[in-house]
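Protein chains in written order, with this note's numbering: chain A, 1284 to 1628; chain B, 1284 to 1628.
Protein chains: 2
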Amino acid sequence: MPYNELRKDYLLDRWVVIATERARRPTDFAKPKTESTKTVSCPLCPGNEQMTPPAVLVYLPSDGGIRKDKEEGDFRSKNWVLRVIPNLYPAFVPPKNPADGEHVMNGDSFGNAIGHHEVIVESPNHGDHPADAEITQIVQVINAYKDRLGDLAQKPYVKYVQIFRNHGLEAGASLSHAHSQIIATPFVPTIVAGEIAASKTYYDQHGTCIFCDLIKKESQNPCSILDNAHFTVFAPYASVNPMEFWILPKRHDSSILSLTPAETEAFAQTLKATLKALKDLVNDPPCNYGIHLSIDKDTDNYYHWHLEVYPHLAIWAGFEKSTGVYINTVAPETAAAELKKAFNR
Amino acid sequence: MPYNELRKDYLLDRWVVIATERARRPTDFAKPKTESTKTVSCPLCPGNEQMTPPAVLVYLPSDGGIRKDKEEGDFRSKNWVLRVIPNLYPAFVPPKNPADGEHVMNGDSFGNAIGHHEVIVESPNHGDHPADAEITQIVQVINAYKDRLGDLAQKPYVKYVQIFRNHGLEAGASLSHAHSQIIATPFVPTIVAGEIAASKTYYDQHGTCIFCDLIKKESQNPCSILDNAHFTVFAPYASVNPMEFWILPKRHDSSILSLTPAETEAFAQTLKATLKALKDLVNDPPCNYGIHLSIDKDTDNYYHWHLEVYPHLAIWAGFEKSTGVYINTVAPETAAAELKKAFNR
């Protein structure tokens, strides 16, 4: 019996066993699609704006482009193409006095979960999917990420902003209407803090950004999935999820805030193309993605924003939960080869 | 709106938001039970021994007690009360030369996944459940944990042995026959290594074992669930899973290897009582448990074995996977109070 391979993440002290003995092909994960049951009263659908808190940001259709509604103050507008609302059940809650960081962290064992938790309703159409959406719509979503990030990152009690998307009930999406989420936190979370610390160590040792070096290396390797003028996409060496892939911008930047219009459009195209390949290959699996970034100026030289896609195709069970070590039955090289094939279908 | 609470694990740099705004009571998690579909050809059922690799350990019924079959060499015996077999699809695979640790870890970024992966078939009865089993049967299972741990821990390439149990398809149990698993690894996994390092720091600072101190403290707190002569059970302060609880032995020991017969019986009774409370309260939820222990003599003074129970009642989604920070909608104090009530039903 051949050995399975034990691999460490590029940056984190996170190990995975690449155990392909079960020889599952990516398509083996495809499940018959259960029709998403659209409730008659989806709180994110147009006409139900009274079911949610007032929006903090609304994009309205205008002649040829999009226009922000901030100045109009009508945050219950029904005529929208995208809206951002506070989460009705927030994990992180704004402070009573927004000017300071009261009670942010108390000692090193607890604190108030101060911050923000918002929902980005990506489209008025309940069933829209980024794999099939118009590029203009995905560009709108990315612009909303930037708008809200820019606003939240300026608050004195915010140390990190996590932008993420859950798709499918099994991946934690309790609402099936197309939406992303943003959570602003009073500290830099464990995984991102670990990446920042390790990329600083690398920068101190090599004088270069580890992600910039990875882009050069992995875009030439079998784990490469897509490579264009602005972005590269690959299955990371120590993927903890079957079919996991990362999208990295070629221009070094620690955050998405200064994406140019051309880069934003390229990001939208890259995201759509890869999510469509995954959807076609594994029959629209439950899936999460998250943008890793930094809002701390001190990290500008060595931290490099990217988007990580986590298809929800395996269950983390007693071994993973007890040890923090993962078992992945699909080699990243196989995942990349299959996703590349899916582009040409 | 009140703040949610941000809590850090006793030992690990692992944070959780206790977000009870959704006000879910533990019983809200109860799902209607789908009948477990027993396949006609369960490979773990008696009579199907030829479907698995030969056993490495068999317990046979004998007059009044249990007897090991090792010396008889009939590892395909059909007359068994418990058997341990190699996993047909092992995550960790024994080395070609068992005498040494060849290729165990190559540099710090990869290695061969050398070790062992075994399945403990806990009973000949397909549907047995530890919440309803005879104490003698659970004692047998714990004895099998000890027997296999003792054997595996002596191998030169083994640095850690993870004993765990998956129950229910959604918690990763691909077979519904009552079973546990054991994985021996060539390194101490991330979470356990983190606990060992932090408990050493605590020992160096305070001269005491942090778990011994926790036992005194938490057995007096509202998160206490059960306390008897040999064990205490509580919902940990920074539980990352709804209804999570830990079982800690009162006698300081880094491993289960020297459990006395009286302690083993008390452990079986404690495990059964708490798993039964969980089963009654949340309608037999999918669940994992894992034993955290150390096989390194150097850790004897400061590491303290325990069993952690992870009910599978929430989905770790884009936020958790991106950040390593968890959101728990049931406060540990509430979990403890409800589990205590369930004892008296």
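Idealized CB from N, CA, C, for every residue including glycine. Bear in mind that the values here come from a model prediction, so they are computed numbers and not experimental data.
Where do the ends of the alpha helix (DSSP H) carrying Asp1434 (chain B) lie?
-> Element bounds for Asp1434 (chain B): Ile1418 to Ala1436.
Just to confirm, are Tyr1585 (chain B) and Cys1492 (chain B) a CB contact at a threshold of 7 Å?
-> Yes, the Cβ-Cβ distance between Tyr1585 (chain B) and Cys1492 (chain B) is below 7 Å.
What three-state label does DSSP hand Glu1354 (chain B) in the structure shown?
-> With a pLDDT of 40 at Glu1354 (chain B), under the threshold of 50, the modelled position of that residue is not reliable, and the figure given next carries that caveat. Reduced to three states, the DSSP call for Glu1354 (chain B) is helix.
Determine the chain B residues that contact Gly1455 (chain A) at a beta-carbon separation under 8 Å, and present them in chain order.
-> In chain order: Ile1598, Trp1599, Ala1600 and Gly1601.
Going by alpha carbons, who is nearest to Leu1540 (chain A) out of A:Pro1309, A:Asp1296 and A:Tyr1428?
-> Closest by alpha carbon: A:Tyr1428.
Where does Gly1348 (chain B) fall in DSSP's three states?
-> Only weak support is given to the placement of Gly1348 (chain B): the predicted model assigns it a pLDDT of 45, under 50, and the value that follows is read from those uncertain coordinates. It is coil, neither helix nor strand.
At what residues does the beta strand (DSSP E) containing Phe1393 (chain A) begin and finish?
-> For Phe1393 (chain A), the enclosing beta strand (DSSP E) has its first and last residue at Phe1393 to Asn1395.
What first and last residue would you give for the beta strand (DSSP E) that runs through Phe1514 (chain A)?
-> It spans Phe1514 to Phe1517 - the beta strand (DSSP E) in which Phe1514 (chain A) sits, taken as one unbroken run.
Please report how far the alpha carbon of Cys1328 (chain A) lies from the alpha carbon of Met1526 (chain B), in whole angstroms.
-> Between Cys1328 (chain A) and Met1526 (chain B), the C-alpha separation is close to 34 Å.
Roughly how many whole angstroms lie between the Cα atoms of Asp1296 (chain A) and Glu1417 (chain A)?
-> Cα to Cα, Asp1296 (chain A) sits roughly 39 Å from Glu1417 (chain A).
Selection from B:Gln1552, B:Thr1468, B:Asn1524 and B:Tyr1520 that minimises the alpha carbon distance to Leu1509 (chain B) | Closest by alpha carbon: B:Gln1552.
Short-range partners of chain B found in the region 1541 to 1564 of chain A, where Cβ spacing is below 9 Å | With the criterion set as a beta carbon lying under 9 Å from some beta carbon of chain B, the region 1541 to 1564 of chain A has no members that meet it.
Alpha helix (DSSP H) runs wholly inside the region 1538 to 1575 of chain A, at least 4 long, in chain order = Runs found: 1544 to 1565.
CB of Ala1480 (chain A) within 7 Å of CB of Ile1578 (chain A), strictly = No; because the gap between Cβ atoms is not below 7 Å, this pair is not in contact.
Helix, strand or coil: how does DSSP classify Phe1312 (chain B) here?
-> Looking at Phe1312 (chain B) - three-state DSSP - the assignment turns out to be helix.
Option in B:Pro1569, B:Ala1625 and B:Val1364 with minimal Cα separation from Val1422 (chain B) = Checked all of B:Pro1569, B:Ala1625 and B:Val1364; the closest Cα to Val1422 (chain B) is B:Val1364.
What residues from the region 1392 to 1405 of chain A come within 8 Å of chain B, judged by C-beta to C-beta, listed N to C?
-> Under the 8 Å Cβ criterion, the region 1392 to 1405 of chain A contributes Ser1392, Phe1393, Gly1394, Asn1395, Ala1396 and Ile1397.
May I ask you to verify whether the region 1402 to 1413 of chain A touches the region 1492 to 1502 of chain A, counting CB pairs closer than 8 Å and requiring at least 3?
-> Segments in contact, no.
Evaluate Asp1346 (chain A) with the Cβ neighbour count: other Cβ atoms within 10 Å of its Cβ, from every protein chain shown; 16 or more gives buried, anything less gives exposed.
-> Legend: pLDDT at Asp1346 (chain A) = 45, less than 50; position of this residue unreliable, value from coordinates given subsequently. By the 10 Å Cβ count, Asp1346 (chain A) comes out exposed.
Chain B contacts from the region 1286 to 1312 of chain A (Cβ-Cβ distance under 7 Å) = In summary, the residues of the region 1286 to 1312 of chain A whose CB is separated from some CB of chain B by less than 7 Å are Tyr1286, Asn1287, Glu1288, Leu1289, Arg1290, Lys1291, Asp1296, Arg1297, Trp1298, Val1300, Ala1302, Glu1304 and Arg1305, in the order they occur in the chain.
Can you pull the DSSP bridge partners for Ser1463 (chain A)?
-> BP columns for Ser1463 (chain A) point to A:Ile1403.
Per-residue contacts from Pro1472 (chain A) into chain B (C-beta, under 7 Å) | Thr1606, Gly1607 and Val1608, listed in chain order.
So, using beta-carbon positions, are Ala1467 (chain A) and Cys1570 (chain A) closer together than 7 Å?
-> In this structure, Ala1467 (chain A) keeps its C-beta atom at 7 Å or more from the C-beta atom of Cys1570 (chain A).
Would you mind giving the Cβ-Cβ distance between Ile1530 (chain A) and Leu1561 (chain A), rounded to the nearest angstrom? I have them listed as a contact below 8 Å.
-> In this structure, Ile1530 (chain A) and Leu1561 (chain A) do not form a Cβ contact; the two beta carbons are roughly 12 Å apart against a cut-off of 8 Å.
Do the CB positions of Val1471 (chain A) and Lys1442 (chain A) come within less than 7 Å of each other?
-> The answer is yes: Cβ separation under 7 Å.
If I'm right that Ile1301 (chain B) touches Tyr1286 (chain A) with Cβ under 8 Å, what's the distance once you round it to whole angstroms?
-> The pair is not a contact, with the Cβ atoms about 42 Å apart (cut-off 8 Å).
7 Å Cβ cutoff, Ala1619 (chain A) in contact with chain B = Not one chain B Cβ lies under 7 Å of Ala1619 (chain A).
Under 7 Å Cβ to Cβ from Phe1375 (chain A), same chain only, skipping five residues before and after it: list those, please.
-> The residues Ala1396, Ile1397, Gly1398, His1399, His1400, Ile1466, Ala1467 and Thr1468, in chain order, have a CB closer than 7 Å to that of Phe1375 (chain A) in the same chain once the five nearest residues on each side in sequence are set aside.
Interface flag, His1376 (chain B) vs chain A, CB-CB below 7 Å | Here the sequence assigns Val to residue 1376 (chain B), which means His is not the residue at that position. At least one chain A Cβ lies under 7 Å of Val1376 (chain B).
Mind checking if Gln1445 (chain A) is an interface residue toward chain B, Cβ cutoff 7 Å exclusive?
-> Answer yes: the Cβ-Cβ gap between Gln1445 (chain A) and chain B drops below 7 Å somewhere.
For a contact meaning CB atoms closer than 9 Å, what does Gly1573 (chain B) contact in chain A?
-> Result: Gly1601, Phe1602, Lys1604, Ser1605 and Thr1606.
Expressed to the nearest angstrom, what Euclidean distance is found between the alpha-carbon atoms of Leu1542 (chain B) and Val1339 (chain B)?
-> One C-alpha to the other measures close to 22 Å.
Quick one: Cα of Gln1445 (chain A) to Cα of Thr1473 (chain A), how far?
-> If I take the Cα positions, the gap works out to 12 Å.
Listed in chain order, which residues of the region 1463 to 1492 of chain A have Cβ atoms closer than 8 Å to some Cβ of chain B?
-> Answer set for the region 1463 to 1492 of chain A: Gln1464, Ile1466, Thr1468, Pro1469, Phe1470, Pro1472, Thr1473, Ile1474, Val1475 and Gly1477.
Can you check whether the CB of Tyr1572 (chain B) is closer than 7 Å to the CB of Arg1290 (chain B)?
-> The beta carbons of Arg1290 (chain B) and Tyr1572 (chain B) sit no closer together than 7 Å.
Could you tell me which of B:His1412, B:Glu1548, B:Arg1534 and B:Ala1556 sits nearest to Phe1528 (chain B), measuring between CA atoms?
-> The closest CA to that of Phe1528 (chain B), considering only B:His1412, B:Glu1548, B:Arg1534 and B:Ala1556, is found on B:Ala1556.
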